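**Student:**
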Amino acid sequence: MRRFIIALSALAMLTACNNCQPRNIFDQEWHTAYGTAPFSDITTPQYLPAFEMGINEQKRNIAHIIYNSEAPTFENTILAMENSSPLLDKVEGVFFNLAESDSTPEMQAIEEEVLPKLTDASNEIMMNEDLFARVKAVYENMDGLTREQQMVTKKIYQAFERNGVGLSAEDKQRFAEISTRLSTLSQKFGQNLLAENNAFKEATGITVSEYYDFMATCPDRAKREEVFKAYSSRGNNGGEHDNNAIVLEILKLRAQMAQLLGYPSFAAYQLSDKMAGNPETVDNFLQPIMDACMRSAKAQKKEMEAMAGHKIEAWDWMYYAEQLRAKKYALDENLTKPYFQADSVLKGVFTAAEKIYGIKIEEAPEVEVYNENAAAYKLTDADGSLIGIFYKDYYVRPTKRGGAWMNNFREQSTGVRPIIVNVCNFPAPGEDPTAAQPSLLTIDNVTTAFHEFGHALHGFLSQCNYKTVSGTNVARDFVEMFSQFNENFAFVPEIMADYANNCYTGEPIPAELVDKIRKSLTFNQGFAAGETCAASILDMKWHELSADELAAFKGPDDIRAFEDKVCAEMGLIDEIIPRYRTSYFNHIFNSGYSAGYYSYLWSEVLAVDAWEKFKEDGIFNKATADSFRKTFLERGGSEEPMVLYKQFRGAEPDPSALMRARGLE
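Residue numbers are given in our numbering: position 111 of the sequence shown equals residue 596, and the series is strictly consecutive.
1) Within 10 angstroms of its Cβ, does Phe489 collect 16 or more other Cβ (buried), or is it exposed?
2) For Met627, which residues in the same chain have their Cβ closer than 7 angstroms to its Cβ, ignoring the five residues on either side in sequence?
3) Is Pro1126 helix, strand or coil when you go by DSSP?
4) For the stretch 1007 to 1021 and the stretch 1131 to 1149, state whether three or more C-beta atom pairs, one from each stretch, are separated by less than 8 angstroms.
5) Below 8 angstroms CB to CB, which residues in the same chain sit around Met775 once its five sequence neighbours on both sides are set aside?
6) Judging by CA-CA distance, which residue of Arg882, Asp1094, Met1025 is the nearest neighbour of Leu679?
7) Quick check on this structure: which residue in Asn958, Ser924, Cys949, Met981 has the alpha carbon closest to the alpha carbon of Asp1000?
8) How far does the beta strand (DSSP E) with Thr932 in it extend, from its first residue to its last?
9) Is it buried or exposed, Gly1135, if we count other Cβ atoms within 10 angstroms and call 16 or more buried?
10) Helix or strand or just coil, what does DSSP make of Arg1147?
11) Can you give, in chain order, each stretch of the beta strand (DSSP E) that sits fully within the stretch 993 to 1055 and has at least 3 residues?
12) Taking the continuous alpha helix (DSSP H) assigned at Gly852, which residues delimit it?
13) Could you tell me whether the Cβ atoms of Phe825 and Ala985 are closer together than 8 angstroms?
14) By DSSP, does Gly873 sit in helix, in strand, or in coil?
15) If you drop the 5 nearest sequence neighbours on each side, which residues of the same chain put their C-beta closer than 8 angstroms to that of Asp656?
16) Can the beta-carbon of Thr702 be found closer than 8 angstroms to that of Glu598?
17) So, at 7 angstroms on beta carbons, what are the nonlocal neighbours of Ala941 in its own chain, with the 5 sequence-adjacent residues on each side left out?
18) Output the boundary residues of the beta strand (DSSP E) element that contains Arg1064.
19) DSSP beta-bridge partners for Asp878?
20) Given this structure, state the Cα-to-Cα distance separating Leu533 from Ala707, to the nearest angstrom.
21) Where Arg632 and Arg902 are concerned, what is the direct C-alpha to C-alpha distance, given to the nearest angstrom?
22) Would you list the residues sitting across from Gln450 in a DSSP beta bridge?
23) What are the partner residues of Trp890, as DSSP defines its beta bridges?
24) If I measure Cβ to Cβ from Thr899 and keep anything under 7 angstroms in the same chain, skipping five residues before and after, which residues do I get?
25) What residue range does the alpha helix (DSSP H) around Tyr697 cover?
26) May I have the straight-line CA-CA distance separating Asp866 from His516, to the nearest angstrom?
27) Below 8 angstroms between beta carbons: does that hold for Phe835 and Phe967?
28) Between which two residues does the beta strand (DSSP E) carrying Tyr1083 extend?
29) Taking the Cβ atom as the reference point for each residue, do Ser1005 and Arg709 lie within a distance shorter than 8 angstroms?
30) DSSP three-state call for Ser664: helix, strand or coil?
31) Using the rule of at least 16 other Cβ atoms within 10 Å of the residue's Cβ for burial, across every protein chain shown, is Asn819 buried or exposed?
32) Between the Cα of Lys885 and the Cα atoms of Leu583, Phe559, Leu572, which residue gives the shortest distance?
33) So what does DSSP say about Val576, is it helix, strand or coil?
34) Just grab the DSSP bridge partners of Ser898 for me.
35) Which residue wins for smallest C-alpha separation from Ser586, given the options Thr990, Ile563, Ala859, Ser1031?
36) If I follow the unbroken alpha helix (DSSP H) through Leu864, where does it start and stop?
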């Protein structure tokens, strides 16, 4: 106790000294519209001191919980933990969003320095046995709590268990060392991949986000082969940005971590608190999908080879698939793109949300943005109350990591409305080599815009009391349901009528073109679903390996041999590769989807089954939409996922719904 009091006194003296200096922007109240970040006042040197102040503040608040003489309650233990880091939440919300969308060398250096500190601080909390004793006391006496409070308590209790609180002192130290090292390795993997993506653009003249569109439209077979090989070897080229050594160390450390906690593999550890529950369930879910995909792909391959007059290679698939689609559906994406200008698509995204959920979305010029190509919007409910603030950041730039994502600057809780961003890598206006023109999107880009705003709606419409379970804070294999569900609105004729106008002539998209798009959506699903399923299986097989099995892996040759073996065993044909190969699989090595990439397909079953309910009742049926909003979007993780699903649908999801939606029956 005496050491604790001395430590608090030292922290107080440090705070007093800090008060002699100009206050850090993060340690001030932000007098901005809606409490959004004053980006122009934030300088790079402010981040590290803000992180340090935030960590120290959290330590003080956690100490007050541990040494509270009152009996543990939800309020003085669980809720106090949730509210223990206001400053840290504030700086993390800004820094990590900007570190992904504007990953400059300066931001990377800060990230490299701060991640181990954050991991160490988290380990110190989650391995504290005295703190866990208080949490456990609340967990074991939850009868008087609301269901949401029970779910918050359960989640925090499980977090302690999953972070090694029950380990011996020696094993705790090893667990902490692994956690810290993993945070550094994941960050390095992401930085390497960003560098490789930029090198890919320098070598080929196209960005990673333009790859699929390029491969579908480039008539030069030799050029397609060159681009394919460059794309599929990212992170596997030797040199300073090679990811192979990082991948192996990550996999080995994860397996060791799982072993410390008593699990046979990292996959078993990861899935123990997910809907699927265990690796066997996921494996049995994925293989039938793969089998159906390959049956479809083999049949399509024969058609394409007849059209091409030669054997189809991996770099030919997308090109001849596009030719075959044009032949079958008379659909050319060069004809559809003028109707999908980026700003118009955003209007469509907003229109769908307004029509379905009765909300209002308008520009918010009073909200400062962090990049000149970003924009801010205000969402309000039917009664005029604030729902939240939305940033869209759609266009590619060299410092932005690849892909598309939704994230929170601020999460929802009682009295706090969320601030959310959607980040994509769409072509920037004026970058088309043929003419200066607006950003024109592919059909896949349009789907992505609706997908990411589905995540945003999950965060915005949350009506939870506690941020631990609000919005998208749900099981990983549940969270993608809402983004994939929202994709369905992209090509609904009534929605397209409001946004799909030709950017050159202003003419609305012809009904026959809409019909062609809708009919073509199930085309090439052997490839599309197959490459996703293949990546999901590859992810699972890597993480199903034990620590002893992984010890035999030494380098790039072993990685490629294992990847080839897994692809052969799953039945993947040579002309298709996994959507993400190991050396550039950012989802599982830097984005929290380890042993979890399957969740896209798992959640898709829920999404398409829910969509069938909408189609049965009428897509714009208010009662159905209200039920979807109140049952799912407002409740976040405040109840078990399947309980919520049954409340909405009246039954468990139909697994065959995915096959029907993909046209793979």
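A virtual CB, placed ideally from N, CA and C, is assigned to each residue, including glycine.
Remember, it's a predicted structure, so these values are computed and weren't measured experimentally.
**Tutor:** Reading it off the structure:
1) Reliability of the predicted coordinates at Phe489 is poor, the pLDDT of 38 falling under 50, and the value obtained from them is presented with this limitation in mind. By the neighbour-count rule (16 or more Cβ atoms within 10 Å), Phe489 is not buried but exposed.
2) Gln635, Thr638
3) helix
4) yes
5) Gly1015, Cys1018, Ala1019, Ile1022, Met1055, Gly1056, Leu1057
6) Arg882
7) Met981
8) Thr932: not part of any beta strand (DSSP E); member of the alpha helix (DSSP H) spanning 928 to 945, first to last residue.
9) exposed
10) helix
11) The qualifying runs do not exist here; there are none.
12) In the sequence as presented, Gly is not what sits at residue 852; that position holds Val. Careful: Val852 lies outside any alpha helix (DSSP H) and carries neither H nor E.
13) yes
14) Reduced to three states, the DSSP call for Gly873 is strand.
15) Gly649, Leu745
16) If you check the CB distance, Thr702 and Glu598 do not come in under 8 angstroms.
17) Phe875, Met891, Ile905, Asn907
18) Element bounds for Arg1064: n/a, residue is neither H nor E.
19) Val908, per the DSSP bridge assignment.
20) 49 angstroms
21) Between Arg632 and Arg902, the C-alpha separation is close to 22 angstroms.
22) Residue 450 is absent from the model: the chain starts at 486 and stops at 1150.
23) Val908
24) Asn950
25) Tyr697: member of the alpha helix (DSSP H) spanning 696 to 702, first to last residue.
26) 24 angstroms
27) Phe967 sits away from Phe835, with the two beta carbons spaced by 8 angstroms or more.
28) Run containing Tyr1083: none; DSSP gives neither H nor E here.
29) Against a cut-off of 8 angstroms, the Cβ pair of Arg709 and Ser1005 comes out as no contact.
30) helix
31) Asn819 is exposed by the Cβ-count criterion.
32) Leu583
33) helix
34) Val901
35) Ala859
36) Unbroken run through Leu864 is the beta strand (DSSP E), 860 to 865; no alpha helix (DSSP H).
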